[in-house]
Amino acid sequence: MSENNTVREIRINPIMPSESVLVASARGLRPRQEEERIPHDSRAHVDSCPFCKGNEEQTPPTILAVPDEENWNIRVVRNLFPVLGTESDQSNISFGMQQVMDGYGHHEVIIDHFEHGMEIHGMSHEHLEMLVGTYRRRMEELYNSDDRIKYVLVFKNFGSAAGASIKHTHSQLIAMPIVPENVYNEVLSSQNYYRKYHQCVFCSLIDEALTFEATIYNRDSGEVRRKIDVGQYVVERGERFIAIKPFASRYEWEVHILPLRHQSDFMQITPEDTVDFARVLKRTMQRLDKVLGGAQYNYYFHTVPRCELSNDCDESYHWHMEICPRTSIPTGFELGSGLFITTISPEDAAARLREAL
Ligand SMILES: [Zn+2]
Ligand SMILES: [Zn+2]
Ligand SMILES: [Zn+2]
């Protein structure tokens, strides 16, 4: 699709049909204010940074150090200001319209790399494998040691607009006693899809991205209304993982990484999978950095929760990572309507990311 090709349409998210996005790619249309790009911080060490080597006493005690406490490459510590904690022993209360659950849970910080300014796209494959292995290991240990935990959300904020308060590269993990709404809705929606079509909706989307080809014509004029090409939404393809630009996503440059073979639970990732995942993640982040340079972003993992729901969603749910670059600030229209506007069409965004490397 060329740059002059104006798209103005409302697209329904195939995974969450209750969500939609307005793609309005008219040239020069800028309904939203842009987020600031942040300059690359190439410093390996900053004396005053609590996450830098040598300053370990400035953080809460180590939960896990990889490979060991003395020569750590990755370090996991308790969050100094946890949003959920284990110390309170309040019970749940309910009064009229007010229902309150105890703010129970665990909040950990994963210091992704010992080098201060190291970004995901700059890390070695081996280091990224170690990082993904650390995410997995902490999730497993929390699920196994605490049966109140229903979901462990692993996420990363990069840049202040994405919520990061410390510049040193880090991720976070929040283990909570509830299934968060976004995961719950995805699990339910994909179960509904599975009941109707006997197929996983994520697998169907991958198949479509890899094999679908179609031309939709205007019935009256015979003009081409839309052309769907093979690979149009594929940003990066590995042996076991694929990075896709969703056809209807809330953020202009949002990219999802999914296992090619059906896998419901991130916990099922094998060492061989991890090698390919690290490669696809690095290439995807390199592409985003090439196109967006210094964009602030969030990423997080969506996987099967530990609750009644999970027994029944092994076939229908498919774990994935969502990467959401925050290139513009949502407006009142978007917050009020829930209808997000993207001013570059997902097809153009995918093409630019593919061409970047
Ligand atoms: Zn640092
Ligand atoms: Zn699947
Ligand atoms: Zn998701």
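Under the working numbering, think of the first position of the sequence shown as 68, with each following residue one higher.
Cβ coordinates follow ideal geometry from the N, Cα and C atoms, glycine included.
- Contact holds between the stretch 257–269 and the stretch 375–390, because three or more Cβ pairs, one in each stretch, are under 8 Å apart.
- Closer than 7 Å to some heavy atom of ligand 3: that does not describe the Cβ of E136.
- Shown here, Q266 sits in coil according to DSSP, grouped into three states, outside any helix or strand.
- At least one heavy atom of ligand 3 is found less than 7 Å from the C-beta of E389.
- Exposure of G163 is indicated by the presence of fewer than 16 other C-beta atoms within 10 angstroms of its C-beta.
- Where K120 is concerned, there is no enclosing beta strand (DSSP E), because DSSP gives it neither an H nor an E.
- DSSP, read as helix, strand or coil, puts S316 in coil.
- A residue is called buried when at least 16 other Cβ atoms come within 10 angstroms of its Cβ; F333 meets this threshold and is buried.
- In this structure, H183 sits near V113, with a CB-CB distance shorter than 8 Å.
- Near ligand 2, residues with a Cβ at less than 6 Å from any of the ligand's heavy atoms are C267, F269, C270, H329 and H385; the list follows chain order.
- For F118, the shortest C-beta to heavy atom distance toward ligand 1 is below 7 Å.
- In this structure A416 is buried. Its beta-carbon is surrounded by 16 or more other beta-carbon atoms within 10 angstroms.
- Note that the C-beta distance between A315 and I79 is below 8 Å.
- Residue pairing for P127: DSSP places it in no beta bridge.
- The criterion of a C-beta distance shorter than 8 Å is not satisfied by A229 and Y367.
- The secondary-structure analysis by DSSP pairs G200 with nothing; it has no beta-bridge partner.
- Going by DSSP, E175 is part of the beta strand (DSSP E) stretching over H173 to I178.
- With 16 or more neighbouring CB atoms inside 10 Å of its own CB, V199 falls in the buried class.
- DSSP, reduced to helix, strand and coil, places M388 within a strand of the structure shown.
- In this structure, I216 sits near R373, with a CB-CB distance shorter than 8 Å.
- For S161, the enclosing beta strand (DSSP E) covers residues I160 to F162.
- Here the alpha carbon of R317 sits roughly 43 Å from the alpha carbon of E137.
- Straight through space, the alpha carbons of R145 and H174 are spaced by roughly 6 Å.
- Classified as buried, I187 has 16 or more neighbouring CB atoms from the shown chains inside 10 Å of its CB.
- Rounded to the nearest angstrom, the Cβ distance from V297 to E280 is 5 Å, consistent with a contact under 8 Å.
- Secondary structure of K294 (DSSP, three-state): strand.
- With respect to F118, H237 sits close: the two C-beta atoms are nearer than 8 Å.
- If only complete runs of 4 or more residues are kept, the stretch 331–361 shows the alpha helix (DSSP H) at 338–359, in order along the chain.
- Less than 8 Å divides the Cβ of P244 from the Cβ of G172.
- In the DSSP assignment, F400 falls within the alpha helix (DSSP H) that extends over G399 to S404.
- The C-beta distance from I141 to M206 rounds to 15 Å, too long to fall under 8 Å, and the pair is not in contact.
- Under the three-state reduction of DSSP, G189 is assigned to helix.
- Counting along the chain, no beta strand (DSSP E) covers A417; the unbroken alpha helix (DSSP H) around it starts and ends at P413 to E422.
- Distance from the Cα of S271 is smallest, within the candidate group R346, V302, P127 and P313, for P313.
- Restricting attention to Q125, G289, A242 and H265, the CA atom closest to the CA of L209 is found in A242.
- DSSP, read as helix, strand or coil, puts R205 in helix.
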